[in-house]
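Heads up, the thing below is written out as structure tokens.
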Amino acid sequence: MSIKVFYSSVSGSLEIKKGQQKIFDVLNSKKINHEALDITQETKTKDLMRELAGNPTALPPQICNGNNYCGDYKAFENAIEEDTLESFLKL
């Protein structure tokens, strides 16, 4: 399995952009292999993100391990603060 990060390359929200960048920065710094999936490139990618999140209106960034949903940016941030990132990512 691999970590999938669903993100938007054309988000107009500065908050979303910052969150996405922090996720990528943390995963890169910890050398955690991950795949970046841009939901703006194909509708089916956005649909998959929302299906895995169990939320028809979910916004990026969303994180999964394979097809197992991990959480959104807020949950990711909490995992970092609580030093439970590996557990959060189901590694």
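This note's numbering numbers the first residue of the sequence shown as 47 and each following residue consecutively. Beta carbons: idealized from backbone N, C-alpha and C, even for Gly.
Problem - Every unbroken beta strand (DSSP E) inside the segment 49-80 [3 residues or more] - result: 49-53
Practice task
Check the C-beta distance from residue 106 over to residue 78 and give it rounded, since I have them as a contact under 8 Å.
Solution key: Contact flag wrong, Cβ pair sits at about 18 Å.
Practice task
Verify whether the separation of the beta carbon atoms of residue 109 and residue 117 is less than 8 Å.
Solution key: yes
Problem - Identified DSSP bridge partners for residue 114 - result: 111
Problem - Where residue 135 sits in the DSSP three-state scheme - result: coil
Exercise for the section: Count the other C-beta atoms from every protein chain shown that fall within 10 angstroms of the C-beta of residue 154, then say buried if there are 16 or more, exposed otherwise. Expected result: No information on residue 154 is available, as it lies outside the stretch 47 to 137 that the chain covers here.
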